[in-house]
Structure formats: structure tokens, C-alpha cells
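Peer 1:
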Amino acid sequence: MAPPIAVDQDGDTLDILVQRRRNKEAVVRFFHRLFKDQGCEPRWIYTDKLKSYNAAHREMMSDVKHINTVYANNRVKVLPQPTRQQEYHIHGFASAQQAQRFLTLHGLPKNLLRLGHHLMQAVNYRKWGTQSFQVWRESVWA
């Protein structure tokens, strides 16, 4: 089962949570951690039909619209495919905390370097790519 992943309207990964259980308490912790960093509540939440998401939503954000229809969360379902590739390497981690740190740290540069090359011309893709790598180098080596 894929870990809970928070995605914004642009398809950028906001947060990934690795946990043993997917009960209400774990989802409440995930929502709290996510919205603490964002500073505002979303207008909609798209989830699968897991009952713990409904319970956590009712407890924390009853005014936010919760959508859990069959195909509503396709963006979230397609996004974890690279994450699942990373999960194959997670089996070597000693704990879920180490896996959480790995996925969190590797998810941030992925947003910066994922440019959507199929949506732009090659000249612009190369220009944006060099700018993204320059920003990444400055943030890593600073």
C-alpha cells in the first residue's frame, strides 16, 4: 500500500508520510503536520475511501469539502509511481523514521527538477533545467 502523499494543484509533492498504521490518529498527525507547514487550510481534500480519512476530516476540518469518489484522486494515485520505486530501496532502512527522512528530503528537489519536458520546447526546457539545477546547487551548498 502506498504511503499517504499530499499533492497541491500543480502536482507538486507537499509531504509524504511513512507509517505502520493508517488509523485515525495517524491521519490526524499527517493532516496536522501538513497544514502546520502550509499556513492555510485547503478548499478541497481528495482521498481514497479509507474510513480513517473521513474520521480525521470530520474531527479536524469539517468546513473543508472532502471528496472521495472513485476517480477523484487520480493525480495522487499517479504521482506515487516514482515513490514506489524509491520504496524498493526502503527495505534496507532500519526504521520507518529513516524511511520518512529519506522520502521527505528526496521529495523536495524532485518538485524543483520535475519540469514537464513534454509541455515545452527543448530550448526552454534546457534553460529552465539549468536554472533549476543552479537553484538546487545554491540551496544544497549554502
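As numbered in this note's numbering, residues 1182 to 1323 make up the sequence shown, in order. Backbone N, C-alpha and C define an ideal beta-carbon position, used for all residues, glycine too.
#1: Could you tell me the alpha carbon to alpha carbon distance between Thr1250 and Tyr1306, rounded to whole angstroms?
#2: Going by alpha carbons, who is nearest to Lys1230 out of Asp1244, Arg1203 and Phe1216?
#3: Per DSSP, which residues does Tyr1306 bridge with? Please list them.
#4: Counting pairs of beta carbons, one from the stretch 1206–1214 and one from the stretch 1234–1245, are three or more of them closer than 8 Å?
#5: Give the range of the alpha helix (DSSP H) segment to which His1299 is assigned.
#6: Between which two residues does the alpha helix (DSSP H) carrying Lys1232 extend?
#7: How many Å lie between Pro1223 and Glu1240 at the Cα?
#8: Excluding the 5 residues preceding and the 5 following Phe1212 in the sequence, name in chain order all residues of the same chain whose CB lies nearer than 7 Å to its CB.
#9: Just to confirm, is the Cβ distance from Val1199 to Trp1225 under 8 Å?
#10: Are the beta-carbon atoms of Arg1214 and Ala1277 separated by less than 8 Å?
Peer 2: Answer, in terms of the structure:
#1: 35 Å
#2: Here the closest residue by C-alpha is Arg1203.
#3: For Tyr1306, which the question treats as bridged, DSSP gives no partner whatsoever.
#4: yes
#5: Segment: none, His1299 is in no alpha helix (DSSP H) and carries neither H nor E.
#6: Lys1232 to Met1241
#7: 15 Å
#8: Ala1237 and Met1241
#9: No. Outside cutoff.
#10: no
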